[in-house]
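Q: Before anything else, here's the structure in question.
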Amino acid sequence: MTALSAPESAPERLDDVRALWGSLIHQVAADGFMVIGASGLPVAHPALRYFSALHSAMRDLKAGTESGGAESPLEQMQRLARQALDAYDSEQAT
Numbered sequence: 009m010t011a012l013s014a015p016e017s018a019p020e021r022l023d024d025v026r027a028l029w030g031s032l033i034h035q036v037a038a039d040g041f042m043v044i045g046a047s048g049l050p051v052a053h054p055a056l057r058y059f060s061a062l063h064s065a066m067r068d069l070k071a072g073t074e075s076g077g078a079e080s081p082l083e084q085m086q087r088l089a090r091q092a093l094d095a096y097d098s099e100q101a102t
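Heads up: the sequence shown begins at 9 in my numbering, then just goes up one per residue.
Shown next as structure tokens:
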């Protein structure tokens with residue numbers, strides 16, 4: 009697995025966000041919108057949580073601005089991914 013690094017320019021970031029969007033689309037298409045959770049019950053695919061943030065990042069990059077002030081879209085996605093995974097882990101622990 010390759011480490012993520014911040015691209016130099018907005019077009020490169022937009023390409024990276026689009027690539028991540030495409031990867032998530034393919035994963036959800038392969039797995040389905042509902043997957044079996046840790047408790048054995050169907051749950052919404054965890055990747056679905058990222059689409060809103062990715063859409064916002066793409067919109068902001070297309071407009072030539074970065075959302076979140078000093079936080080780059082990549083940093084924002086990483087932060088949101090950590091938050092979503094933490095929330096998912098705590099849901100599964102209960």
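Built from N, CA and C at the ideal position, the CB exists for glycine as well.
1. Please report the Cβ distance between residue 65 and residue 85, rounded to the nearest whole angstrom; I am assuming they are in contact, meaning their Cβ atoms lie under 8 Å.
2. Per the DSSP calculation, residue 50 is bridged to which residue(s)?
3. Taking the alpha helix (DSSP H) that residue 28 falls in, what are its first and last residues?
4. Should residue 68 be labelled buried (16 or more other beta-carbon atoms within 10 Å of its own) or exposed?
5. Of all the options 17, 36 and 24, which has the alpha carbon lying nearest to the alpha carbon of residue 51?
6. In three-state terms, what does DSSP make of residue 60?
A: So, from the listed chains and residues:
1. Your numbering for residue 65 matches position 57 in the sequence shown. Your numbering for residue 85 matches position 77 in the sequence shown. Going by Cβ atoms, the distance from residue 65 to residue 85 rounds to 6 Å, so yes, they are a contact pair.
2. The count along the sequence shown starts at 1 and reaches residue 50 at position 42. For residue 50, which the question treats as bridged, DSSP gives the partners 44.
3. If you number the sequence shown from 1, residue 28 lands on position 20. Unbroken alpha helix (DSSP H) run through residue 28: 18-39.
4. Locating residue 68 in the sequence shown gives position 60, where the first residue counts as 1. Buried is the call here.
5. Sequence index remark: in the sequence shown, residue 51 carries index 43 (1-based). When the alpha-carbon of residue 51 is set against those of 17, 36 and 24, the nearest one is in 36.
6. What you label residue 60 is simply residue 52 of the sequence shown in a count that begins at 1. Residue 60 falls in the helix class under three-state DSSP.
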